[in-house]
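This report refers to the structure that appears directly beneath it.
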Amino acid sequence: MISYAEYSDYYIFSIEYLSFLYEKKIFPKFYIGLHVGYLLFSLMDHWVTIRLYLETSPEPQTSYFLKTTIGLLIWSTYLLTSKRVKATFIR
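The numbers in my numbering rise by one with no breaks, and the one at position 63 of the sequence shown is 1262.
Have a look at this one:
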């Protein structure tokens, strides 16, 4: 059986996918917002885990956050400034 969290993940992914397919104007902002929210949730989860279990931050986790942040900066800059994106997502 699918849990509520999995159901909501599928629902959000479906909205993102359909807005991409139908070239909706909201897609770039929705995509950026979704990934910023995911990054903030991951950082909060990591912080709470360290505080509860009194562990130090593992190196792979830190590099994961760095890679995610760099990727988010690159893609958000492209989605917000590209003429091709503005010409594609017009509806």
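Backbone N, C-alpha and C fix where the C-beta goes; we use that ideal spot for every residue, glycine too.
For PHE1288, no alpha helix (DSSP H) encloses it, and the DSSP letter there is neither H nor E. Of the residues assessed, SER1262 falls on the exposed side of the cut-off, its CB having fewer than 16 other CB atoms within 10 angstroms.
Rounded to the nearest angstrom, the gap between the Cα atoms of LEU1272 and SER1281 is 14 Å.
For HIS1245 and THR1287, the gap between their C-alpha atoms comes out near 37 Å. DSSP, reduced to helix, strand and coil, places ILE1249 within a helical segment of the structure shown.
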